[in-house]
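Residue numbers (the working numbering): 7 to 151.
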Ligand code: DQA
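Laid out in structure tokens, this is it:
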């Protein structure tokens, strides 16, 4: 099982940006957490981050025939991007949306998710652990274990 992990704008600033909301762990630490999780669950991973909407669309398109599933944290694009929603619909892979923070209990604009409409599941407010929960969910869905 190969999973593409796609992270949107400002996720590279983890550890620096609003640690009281996103936690103190850095992006490097998140990458290492995802790599360890995938190794433990027998999954292959490709981890990507971009601040550019088009680059995220390109990466989602690259997942077509190259990945079995996607875990995406579209960050601010969650709440605005029809282009990312359309890309996810186009490749039609099992996808889980992850948010480090509890978006349901923040500003009202964060309660709207365009991208979530193309996702099997959305996990919020668990920090790095949300990415692990996404892997476990996809493993169960794809491998039945
Ligand atoms: C986020 C939540 C978004 O609302 C925000 O714009 C982000 C990060 C999260 O992981 O909690 O950049 O996706």
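Don't be surprised by glycine CBs; every beta carbon is placed ideally from N, CA and C.
- Residue state for residue 51 is assigned as strand, using DSSP reduced to three classes.
- Here the stretch 136 to 150 makes contact with the stretch 29 to 44; the two share three or more CB pairs at distances below 8 Å.
- By the beta-carbon neighbour count (other beta carbons within 10 angstroms, threshold 16), residue 63 is buried.
- Residue 75 sits in a strand when the DSSP states are folded into three classes.
- Checking the DSSP bridge columns, you'll see residue 85 has no partner listed.
- Residue environment for residue 10: buried (at least 16 other C-beta atoms within 10 angstroms of its C-beta).
- Note on geometry: alpha-carbon atoms of residue 86 and residue 120 lie some 7 Å from one another.
- Assignment of beta-bridge partners to residue 10 by DSSP yields 52 and 76.
- Pairing residue 15 with residue 71, the inter-Cα distance amounts to about 25 Å.
- Residue 52 and residue 128 have their C-alpha atoms roughly 20 Å apart.
- At least one heavy atom of the ligand DQA is found less than 6 Å from the C-beta of residue 109.
- A straight line joining the alpha-carbon of residue 118 with that of residue 108 spans about 13 Å.
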